Amino acid sequence: SQTIHQWPATLVQPVGSPLSLECTVEGTSNPNLYWYRQAAGRGLQLLFYSVGIGQISSEVPQNLSASRPQDRQFILSSKKLLLSDSGFYLCAWNRDRKNTEAFFGQGTRLTVV
Amino acid sequence: ILNVEQSPQSLHVQEGDSTNFTCSFPSSNFYALHWYRWETAKSPEALFVMTLNGDEKKKGRISATLNTKEGYSYLYIKGSQPEDSATYLCAFAGGTSYGKLTFGQGTILTVHP
Chain Y
169 SQTIHQWPAT LVQPVGSPLS LECTVEGTSN PNLYWYRQAA GRGLQLLFYS VGIGQISSEV
229 PQNLSASRPQ DRQFILSSKK LLLSDSGFYL CAWNRDRKNT EAFFGQGTRL TVV
Chain F
4 ILNVEQSPQS LHVQEGDSTN FTCSFPSSNF YALHWYRWET AKSPEALFVM TLNGDEKKKG
64 RISATLNTKE GYSYLYIKGS QPEDSATYLC AFAGGTSYGK LTFGQGTILT VHP
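As you go down the protein sequences, you meet chains Y and F in turn.
With the numbering used here applied, the first sequence corresponds to residues 169 to 281, in that order.
With the numbering used here applied, the second sequence corresponds to residues 4 to 116, in that order.
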């Protein structure tokens, strides 16, 4: 069976510090991978998605970047965090354009202080 | 930018009440419409993935309908229970989006005993 792991669960970081959130998927190969963010009082906003190793698409201009160094690993990064980066971040995967059901990680609560 | 709208934003009902929410989405380039339940401190989990106009799906006391021509879906909960309290998200998958999901803002349901 497939599982998705996301860490850390919570993070408090000062403004200007770097960020690295990691997500790994087990039990499947070549998944589509996604990073979503839920800002306060809003739904899920797609930040990045990847359909293969090294392929990253950015949905919104922002202070964040993503990388996919391995088939089932997806990393969300920032060089210098802003207060506005605070929020709840979710990693997700689905199989392909025909099997679109998404499976989510447990999420990371990021607070930038 | 795709527009996926949900209403109402929040809803308070008494145990035993029946309720419904609405999701509106683009009527062009449609592939699938998803409903997810997101409970506090958990990951969102799929309730339904619907692809055909006129689809009706049911899982226990929860059901959903789909109208792709006019771009809306309804989620119904019959005889609400406190454990139904959660945020309900709909998500749109377009025909050329590689499985990428665009989420609505969600409807927060609170069922009071």
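By construction, the Cβ of each residue, glycine as well, lies at the ideal position given by its N, Cα and C atoms.
Computed from a predicted structure; not experimentally measured.
Beta-carbon proximity list for F:Ser-66, same chain, < 6 angstroms, skipping 5 on both sides: Tyr-79.
In terms of alpha-carbon separation, which member of Y:Glu-194, Y:Gln-206, Y:Gly-195 lies closest to F:Gly-107? Ranking Y:Glu-194, Y:Gln-206, Y:Gly-195 by CA distance to the CA of F:Gly-107 puts Y:Gln-206 first.
Spatial neighbours of Y:Arg-240 within its chain, please: CB distance less than 6 angstroms, with the 5 preceding and 5 following residues excluded, ordered by chain position. So the list reads Thr-192, Val-193, once near-sequence residues are dropped.
Run through the DSSP bridge pairs and tell me what F:Asn-23 is partnered with. DSSP lists F:Tyr-79 as partners of F:Asn-23.
Counting only Cβ-Cβ distances shorter than 7 angstroms, please list the residues of the stretch 226-239 of chain Y near chain F, keeping chain order. So nothing in the stretch comes that close.
heavy atom of the ligand ZN below 7 angstroms from Y:Ser-218 C-beta: The ligand content of the structure shown is nil, which means the ligand ZN is not present either.
I'd like the span of the beta strand (DSSP E) that includes F:Phe-33, first residue to last. Run containing F:Phe-33: 33-41, per the beta strand (DSSP E) assignment.
Boundaries (first-last residue) of the beta strand (DSSP E) holding Y:Pro-237: Counting along the chain, the beta strand (DSSP E) containing Y:Pro-237 begins and ends at 233-238.
Distance, Y:Gly-255 Cα to Y:Val-228 Cα: Per the coordinates, the alpha-carbon of Y:Val-228 lies some 15 angstroms from the alpha-carbon of Y:Gly-255.
If you measure from the beta carbon of F:Val-16 to each beta carbon in chain Y, is any gap under 8 angstroms? Interface residue (Cβ-Cβ distance to chain Y less than 8 angstroms): F:Val-16 is not classified as such.
Helix, strand or coil: which one does DSSP assign to Y:Leu-179? Secondary structure of Y:Leu-179 (DSSP, three-state): strand.
At 9 angstroms on the CB atoms, spell out the chain F contacts of Y:Arg-265, in chain order. Here the neighbours are Tyr-34, Ala-96, Gly-98, Thr-99, Ser-100, Tyr-101, Gly-102, Lys-103.
Three or more C-beta pairs below 8 angstroms linking the stretch 70-79 of chain F and the stretch 256-264 of chain Y: Contact fails: fewer than three Cβ-Cβ distances are below 8 angstroms.
Count the C-beta pairs between the stretch 231-239 of chain Y and the stretch 263-279 of chain Y that are closer than 8 angstroms, then say yes if the count reaches three, no if not. In the pairwise beta carbon analysis, the stretch 231-239 of chain Y is classified as not touching the stretch 263-279 of chain Y: fewer than three pairs are separated by under 8 angstroms.
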